[in-house]
Every structure is written in C-alpha cells, then in structure tokens.
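Trainee: Using our numbering, read the sequence shown as starting at 110 and increasing by one per residue.
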Amino acid sequence: MIIGLGSDLCNIERIQNSLDRWGDRFRQRSFTDIENAKAARRPHTQAGTYAKRFAAKEAFSKAVGTGFKRGVFMKDIGVVNAASGAPTLELTGGAAVRLAELTPAGHSITIHLTLTDDHPWAQAFVILEANPKA
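1. Look up Q232 in the DSSP assignment and give the residues it is bridged to.
2. If distances are taken between C-alpha atoms only, which option among H228, H216 and T223 comes closest to I169?
3. Going by C-alpha to C-alpha distance, which of G194, R151, A205 and K242 sits closest to G180?
4. Output the distance between the C-alpha atoms of R138 and N145, rounded to the nearest integer angstrom.
5. If I follow the unbroken beta strand (DSSP E) through G187, where does it start and stop?
6. Can you list, in chain order, the residues of its chain with a C-beta nearer than 7 Å to that of I143? Leave out the 5 residues immediately preceding and following it.
7. Closest to A231 by CA distance: which of F163, A148, I111 and R150 is it?
8. From G174 to L128, what does the alpha carbon distance come to, in whole angstroms?
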C-alpha cells in the first residue's frame with residue numbers, strides 16, 4: 110500500500126547561487142558525505158547533481174507529511190544508489206524516526222525514488238510503499 114507520495118521541482122541555477130554564496134557551509138548543512146563525494150566527481154554538472162538531491166530531500170519531506178519540521182532535517186535524508194544502480198534514500202535521525210512512525214505494524218517500507226534534470230530544472234518523485242512482512 111502507498112503510505113506517502115512527494116514531488117519537488119528545483120531550479121539548478123538557484124542551487125548554483127547557493128553554492129557560490131555559501132560554498133562548503135551549504136554543502137555540509139544540506140548534503141551527506143556520499144552526496145558531496147558524488148558531486149565532487151562531476152565538476153561540470155555539480156549544481157545539477159546537487160539540485161536533484163535537494164529535490165529528493167524535499168520530495169521525501171512531503172511524502173512523510175512534515176516538510177522540514179518535527180525533527181526531519183535535510184542532512185538526515187541521503188540519496189544513495191542500490192546495487193542495481195537505481196537511486197534510493199538512506200535515512201538517519203528524525204527522517205528515519207518519522208518514516209518508522211508512518212509504517213504500519215507488520216510491514217516493511219520500500220522507498221521508490223526517481224530523479225531527472227533538464228537545465229534549468231531538476232525534479233524528484235518519492236513513493237513510500239508499505240509491504241507486509243513475510
């Protein structure tokens with residue numbers, strides 16, 4: 110069953126402006142070490158890489174119904190790749206707690222994430238699916 114759905118559209122140029130203005134402060138407050146390492150490996154598309162991840166964090170916060178309130182922080186939501194290469198989310202702190210609160214008893218959660226960009230836009234969709242445990 111679907112327990113959450115969120116989407117976000119992020120302007121890549123806005124992220125570039127934040128990188129130019131705040132630099133490492135913005136990177137460290139908003140992104141995980143894994144996300145920062147991935148963006149560093151993509152110098153020509155760094156702002157787009159960050160914008161997709163920023164959009165994913167926003168989409169997740171909408172899917173759990175809190176936004177960035179009630180202990181859910183940007184840095185608690187990290188975009189990682191599954192073994193298949195598909196993007197997914199790794200949650201810590203308040204983001205993990207909030208998702209656990211939404212998860213029905215006897216169920217596990219699958220996080221579906223899709224990312225795309227076409228300058229100047231980056232977009233993410235998050236679907237939270239609860240599945241009965243076997």
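Even glycine gets a Cβ: it sits at the ideal position worked out from N, Cα and C.
Mentor: Judging by the given coordinates:
1. Position 123 of the sequence shown, counting from 1, holds the residue named residue 232. L118 and T225.
2. For the purposes of this step, residue 169 is taken as residue 60 along the sequence shown, with counting starting at 1. It is Phe, not Ile, that sits at residue 169 in the sequence shown. Of the candidates H228, H216 and T223, the one whose C-alpha sits nearest the C-alpha of F169 is T223.
3. Walking along the sequence shown from the start, residue 180 turns up at place 71. Considering only alpha carbons, the answer is A205.
4. Locating residue 138 in the sequence shown gives position 29, where the first residue counts as 1. Locating residue 145 in the sequence shown gives position 36, where the first residue counts as 1. C-alpha separation (whole angstroms): 11 Å.
5. Here residue 187 refers to the residue found at position 78 of the sequence shown. Residues I186 to N190.
6. Here residue 143 refers to the residue found at position 34 when the sequence shown is read from its first residue. Taken in chain order, the residues that qualify are G187 and V189.
7. What you label residue 231 is simply residue 122 of the sequence shown in a count that begins at 1. It is F163.
8. The residue given as residue 174 occupies position 65 in the sequence shown. The residue given as residue 128 occupies position 19 in the sequence shown. Near 28 Å, if we compare the C-alpha coordinates of L128 and G174.
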